[in-house]
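For reference, each letter of the sequence shown is one residue, going -19 to -1, 1 to 279 in mature numbering (1 follows the signal peptide of the UniProt record, and there is no 0).
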Amino acid sequence: MLGAKLLLTLLAMSMILSASVVRVRDGLPLSASTDYEQSTGMQECRKYFKMLSKKLSQLPDRCTLKTGQYNINFISSLGVSYMMLCTENYPNVLAFCFLDELQKEFITTYNMMKTNTAIRPYCFIEFDNFIQRTKQRYNNTRSLSTKMNLADMQTEIKLRPPYQISVSELGSANGFSHVPVGEYKGTGKISAAPHQRLEPVTLPGIVSFVLSLLCGALNLIRGFHAIESLLQCYLFVYYTGWRNAKSFLTFGLICLCNMYLYELRNLWQLFFHVTVGAFCTLQIRLRQPQGKAPDYNV
């Protein structure tokens, strides 16, 4: 009872200021609440919103960014992120209950296929009506005092607290400096490179991958020669440093090994292995990391 009273007291002195729904893979804003606040602090937080939207695919699914007198919280699920801005003393448990409610309503209202294929910013702007109603309810202590059960969310946050993002991980808000995401506190070391996503796999890419595996299987008796085909498969699936250079070097080794095996194979076998190697190298070259998320002025 005492904890509930304290929570309501804090809520009376704090509030949710804005919220938005953003697609994770490219930062495309799908919907957002209308903001009327134009203070310097709010303008700064909008910049942090934009910077976070470009890094959602590299961040855990539940995070908090503290920016002085304001906090930015977000959760991500099924390729969509739900973000909100509140004053620094707004209760954490209520912030994530609010986001959880937005998530449930959005998933219920919209088909995930539509969110994945959306090309226009704010194409679900009508969801703003629900955001505004929910925001008003969470800013009203009386409406929350009898209609919410916070126990489940309190337990979940205690067992799996949100990752605390530091401003240095985002870089400066004016865009002149950038510090890559290094380590996530409490979740182990995570570097930016392993989270670099490649473009979606195409049908030619799948064909080249299968043929390269076939060449690797045919070369198992050759030992080292089989490793080259498997290395090509690895470079096709995962992003690594100097990826293109490694793919060309691997293709060169395939050519050299086939020259060495010239007397043990007929021309058709040599042609098949070299052609598959060239085809897979081309697909590795074509499947590049996803580009920088476009600036949607969120």
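Just so you know, even glycine gets a beta-carbon here, dropped at the ideal spot from N, CA and C.
Remember, it's a predicted structure, so these values are computed and weren't measured experimentally.
### Cross-strand partners of serine 147 (DSSP beta bridge)
Locating residue 147 in the sequence shown gives position 166, counting from the first residue. Answer is none; serine 147 lacks a bridge partner.
### Best match in Phe260, Arg6, Tyr63 and Gln135 for proximity to lysine 85 [C-alpha to C-alpha]
Position 104 of the sequence shown, counting from 1, holds the residue named residue 85. Measuring from the Cα of lysine 85, the nearest candidate turns out to be Tyr63.
### Task
Name the two residues that bound the continuous beta strand (DSSP E) containing alanine -1.
Residue -1 sits at position 19 when you count from the first residue of the sequence shown. Run containing alanine -1: -4 to 4, per the beta strand (DSSP E) assignment.
### Message
Suppose you measure from the CA of leucine 263 to the CA of phenylalanine 229; what does that come to, to the nearest Å?
### Response
In the sequence shown, residue 263 corresponds to position 282, counting from 1. In the sequence shown, residue 229 corresponds to position 248, counting from 1. Their backbone Cα atoms lie some 9 angstroms apart in a straight line.
### Message
Taking 9 angstroms as the threshold (C-beta atoms), are leucine 11 and tyrosine 103 in contact?
### Response
If you number the sequence shown from 1, residue 103 lands on position 122. If you number the sequence shown from 1, residue 11 lands on position 30. Contact: yes.
### Task
Just the C-alpha distance for threonine 90 and glycine 258, rounded to the nearest angstrom, thanks.
Within the sequence shown, numbered from 1, the residue matching residue 90 stands at position 109. Within the sequence shown, numbered from 1, the residue matching residue 258 stands at position 277. So the two alpha carbons sit approximately 47 angstroms from each other.
#### Entry: Inter-residue CB distance, leucine 80 and isoleucine 56 (contact presumed, cutoff 8 angstroms)
Looking up residue 80 in the sequence shown gives position 99. Looking up residue 56 in the sequence shown gives position 75. At roughly 5 angstroms, the Cβ-Cβ gap stays under 8 angstroms, so leucine 80 and isoleucine 56 are in contact.
### Task
Drop a sphere of 10 angstroms on the beta-carbon of phenylalanine 87, count the other beta-carbons inside from all chains shown, and report buried for 16 or more, exposed for fewer.
The residue labelled residue 87 in the question sits at position 106 within the sequence shown. Under this definition phenylalanine 87 is a buried residue.
### Query
Can you name the start and end residues of the alpha helix (DSSP H) that tyrosine 51 belongs to?
The sequence position of residue 51 within the sequence shown is 70, counting from 1. Run containing tyrosine 51: none in the alpha helix (DSSP H); it sits in the beta strand (DSSP E), 51 to 58.
### Message
Less than 9 angstroms between the beta carbons of valine 61 and valine 148, yes or no?
### Response
Taking the sequence shown and counting its residues from 1, the one referred to as residue 61 is at position 80. Taking the sequence shown and counting its residues from 1, the one referred to as residue 148 is at position 167. In this structure, valine 148 does not lie closer than 9 angstroms to valine 61 by Cβ.
### Query
Among all the DSSP beta bridges, which residues are the ones paired with tyrosine 63?
Locating residue 63 in the sequence shown gives position 82, counting from the first residue. For tyrosine 63, which the question treats as bridged, DSSP gives the partners Val2 and Ile56.
### Message
According to DSSP, proline 10 sits in a beta bridge with which residue or residues?
### Response
Within the sequence shown, numbered from 1, the residue matching residue 10 stands at position 29. Per DSSP, Val3.
### Query
By how many angstroms is the C-alpha of valine 5 removed from the C-alpha of threonine 98?
Taking the first residue of the sequence shown as position 1, residue 98 is located at position 117. Taking the first residue of the sequence shown as position 1, residue 5 is located at position 24. Those two C-alpha atoms are separated by around 13 angstroms.
#### Entry: Backbone CA spacing between isoleucine -4 and cysteine 78 [nearest angstrom]
As a first step, residue -4 must be located in the sequence shown, where it is residue number 16. As a first step, residue 78 must be located in the sequence shown, where it is residue number 97. Distance between the alpha carbons of isoleucine -4 and cysteine 78: 12 angstroms.
### the segment 212 to 220 / the segment 181 to 191 touching (three or more Cβ pairs under 8 angstroms)
yes
### Message
I'd like to confirm the pairing. Which residues does DSSP put opposite cysteine 44 in its beta bridges?
### Response
Taking the sequence shown and counting its residues from 1, the one referred to as residue 44 is at position 63. Paired residue(s): Phe55 and Tyr144.
### Task
Look at the Cβ atom of lysine 268, then the Cβ atom of glycine 186, and state whether they are nearer than 9 angstroms.
Numbered from 1 along the sequence shown, position 287 holds the residue referred to as residue 268. Numbered from 1 along the sequence shown, position 205 holds the residue referred to as residue 186. Here the sequence assigns arginine to residue 268, which means lysine is not the residue at that position. Contact: yes.
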